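Sequential numbering from 8 applies to the sequence shown in the working numbering. Cβ coordinates follow ideal geometry from the N, Cα and C atoms, glycine included. Being a predicted model, the structure only gives us computed values, none of them experimental.
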Amino acid sequence: MLEVDSIDVAYGAVQVIWDVSLSVEKGETVALLGANGAGKTTVLKSICGPLVPTAGDIRFEGESIGGLQQDEVVPKGITHVPEGREIFHESSVHENLTLGAYANRDGMEDRRRRVYEIFPRLEERSGQSAGTLSGGEQQMLAIGRGLMSDPDLVLLDEASLGLAPVLVDDVFDAIERINEEGTTVLLVEQDVHNALRVADRGYVLESGRVSLSGSAEELADDERVAASYLGG
C-alpha cells in the first residue's frame, strides 16, 4: 500500500533524514519508533505533504506522491492526525468532525456514527466547544476527525503524548479497533510498550536513519530496543 523508498529530507540546507525506507501493507498497523528528535514526524510530513523529499520516492497504491501537498494527498485516501492535535478549539465537537469530512462528504453521517461508536464520550459532548474537552477527549476528537475523510491509511503522530495512563490505554484500544475494522495505520510513537502491543511490525529511527526493523515481537525482544526504549 505505502512504500517509502530511500528518501532524504531536509529543512532548508539542514538534512535530517538519510536514506529511509519503509513499507506498510494493507490492513497492517506499523509502528515507527524512536526517541524525541529522531526524525519520526519528519517522515510523516514527507508522506502527507508539507515536506518534499530531496531524494528517493514515496508511493501510495503504486502512485508516486512524494511531491504532493496535503490537500492533494487526503483525497487519495491518506489522513494525518498530527502531534499536538490541532483541533479547532472554538468549534464544537460536531463541527470539528464535519470539518474532517471536507474532502469526502458522501456518507458523512455514517462515518460520524462510526466515530461516536469508537469514542462514545465524543457523542456525549457533541455540542461542546472542543477547547473545553480534557486532553484525552481532544486526542479522541483529533483521531475521530481524521477518520471522517474515510481514509484507507491513517498516519498517527504521538497519539498518547501527554495523556494520563488510563487514557493512553483507551487511545491504544481505539487504534486497535480502527485497524481491526479495516483501516491501515502507520503509528509514530515514543510509547514503545503500547506501540508494539498494537503493531504488526515496526521500524526504529535513530538520528534520521532506520537502525532496526522487524515484527513487533522481534523488536520487543531485541536487546537494543529494550536497552534504549523499554528500560531494559
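Cα atoms of Ile24 and Glu213: separation of roughly 10 Å, rounded to the nearest angstrom.
The segment 133-140 makes no contact with the segment 182-193, as fewer than three CB pairs between them are under 8 Å.
Rounded to the nearest whole angstrom, the CA to CA distance from Val50 to Tyr123 is 30 Å. Cβ-Cβ distances below 6 Å link Ser218 to Val211 in the same chain, with the five nearest sequence neighbours on each side left out; the list follows chain order. Annotation for Pro89: Asp164 place their beta carbon closer than 6 Å to its own, counting only its chain and skipping 5 residues before and after. Distances from the CA of Met147 to each of Ser167, Ala234 and Asp26 were compared; the closest alpha carbon is that of Ser167. For His87, the beta-bridge partners assigned by DSSP are Leu162. Gly169 is bridged by DSSP to nothing; it lacks a bridge partner. Going by DSSP, Ser53 is part of the alpha helix (DSSP H) stretching over Lys47 to Cys55.
In the same chain as Leu170, and ignoring 5 residues on each side of it, the C-beta atoms closer than 8 Å to its own belong to Gly142, Gly143, Gln146 and Val178, in chain order.
In summary, Arg112 is exposed, with fewer than 16 beta-carbon neighbours lying within 10 Å of its beta-carbon over all protein chains present.
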